[in-house]
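Structure, as structure tokens:
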Amino acid sequence: MSLLPPEKWMRRALELGEKGRFSTSPNPMVGAVLARAGKQIAEGYHEKYGGPHAETIALKKAGPRARGGSLYVTLEPCATWGKTPPCVAAILESGVREVFIAAVDPNPKNSGKGILALTKAGIKVRKGILSSEVQLQNEAFFKYARTGLPFVTLKMAQSLDGKIAARSGLSRWISSGVSRDFVHRLRAEQDAILVGTQTLLKDDPFLSPRFNPSGLIQKGKPWRIVLDRRLKISPAARVFRGEQITGIAISEKIFKNLPAKTKKFKNSCILLPIPERQGKLDLRSLLKRLGGLGVAKLLVEGGGETAWSFLEAGLVDRFFWIVAPKFLGGSQAKTSVEGRGVARPSQAIRPKRLTCEPLGEDWLFEGRF
Ligand code: AOF
Ligand code: ZN
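Residue numbers (this note's numbering): 88 to 456.
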């Protein structure tokens with residue numbers, strides 16, 4: 088199939104934007120291509136959070152050759168000052184004749200303003216080419232920009248019979264090496280990774296990604312967030328090792344009543360006092376808090392109680408379910424989703440857009456809510 092020229096350039100821009108996957112959050116992945124008379128003049132992408140925007144990079148590279156050209160950019164150019172000057176100003180100055188935009192910026196600060204400013208200045212604007220691809224690539228950014236809440240991915244690795252550990256509690260390893268590599272890659276693009284109290288106390292996890300493409304991951308990331316309502320964690324726990332920032336979500340009540348206990352953690356991590364709801368941390372409040380701190384991508388890694396709490400509260404956007412082709416058995420062995428569960432099959436929580444594909448020796452289910 089031969090691609091129409093605008094789609095061809097936009098596809099390249101989409102591909103370029105992808106290079107920012109591990110280093111731009113909570114800002115978007117954006118790519119830009121400048122073309123004239125059917126030839127590419129320059130390209131650029133948003134490399135890292137706080138750095139220059141994609142279209143500005145491409146225009147700078149093109150210099151005077153941009154005049155009369157067409158700019159293809161995956162996200163609507165910004166019209167206001169942020170950490171960098173507005174891209175619309177750079178576009179107007181460049182002498183570009185037309186601008187193709189894949190998706191309108193969901194950021195209320197910029198949304199629609201870039202298109203308006205360009206149109207007013209007499210520049211031809213065309214939007215919508217590969218819009219859904221760009222929205223899928225940036226689905227965390229789109230949710231975060233609209234709601235202020237992180238995009239939540241729930242990840243689990245279980246046996247065919249739904250167990251996440253053998254009856255002894257041992258869980259290393261249920262899934263295969265290929266699946267574990269997949270998880271480390273997934274971790275690497277998150278702003279934060281969260282686990283519940285039981286996983287924290289039982290597994291003493293590091294929660295670090297053993298994958299850092301060209302050292303792109305931002306310093307201190309991904310943050311490690313642990314749910315620890317009553318502050319039971321030991322200051323010697325592994326989540327305090329290494330350079331990643333650690334946050335402990337504790338009950339507001341504990342924070343108020345136990346100043347001495349909280350003090351010994353003050354220098355090694357961020358304490359996040361969260362209101363309680365029915366004897367548990369209110370997860371929606373926690374997400375709001377994390378969003379306020381700039382967490383746009385949150386990975387919830389278990390265990391079963393935590394998975395149920397997020398599912399029950401309707402706070403999961405996407406899940407990855409790794410299913411290893413084996414049986415562990417045992418009525419006491421931990422399962423992937425615990426908590427109270429639903430009373431009747433008709434109340435089951437049903438995902439949308441479910442896919443399943445092989446992942447090494449395992450199977451990967453992906454779905455959304
Ligand atoms: C980016 N990269 O290539 C484009 C963005 O914090 P700032 O100043 O970098 O501004 C971030 C906002 O700029 C972002 O929310 C989006 O609205 C707009 N476009 N952002 O990080 C880019 N084009
Ligand atoms: Zn910009």
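Ideal Cβ placement from N, Cα and C applies to all residues, glycine included. Treat the numbers as computed from the prediction; the structure is a model and nothing was measured.
Query, Result
"Three or more C-beta pairs below 8 Å linking the region 301-321 and the region 270-283", "yes"
"Proximity test, H271 beta-carbon vs the ligand AOF heavy atom, cut-off 8 Å", "no"
"Those residues, in chain order, that have a beta-carbon closer than 5 Å to some heavy atom of the ligand ZN", "H140, C165, C174"
"Local conformation of W260 per DSSP, three classes", "coil"
"Cβ neighbour criterion (16 or more within 10 Å) applied to A124", "exposed"
"Contact between the region 196-204 and the region 133-145 (3+ Cβ pairs under 8 Å)", "no"
"Closer than 8 Å: K340 CB and nearest the ligand AOF heavy atom", "no"
"Own chain residues within Cβ distance below 6 Å of T70, not counting five before or after", "Only positions 88 to 456 of the chain appear in this structure, which leaves residue 70 out of reach."
"Short Cβ contact (9 Å threshold) for P362 with S355", "no"
"Burial state of G256 (16 or more Cβ within 10 Å)", "exposed"
"DSSP-derived helix/strand/coil call for S181", "helix"
"Beta-bridge partners of W450, as assigned by DSSP", "V410, P445"
"Residue span of the alpha helix (DSSP H) that contains E105, given as start and end", "92-105"
"Alpha-carbon to alpha-carbon, M243 and R267", "11 Å"
"C-alpha gap between D404 and T111, whole angstroms", "20 Å"
"Local Cβ density within 10 Å of R316, reported as buried at 16 or more and exposed below that", "buried"
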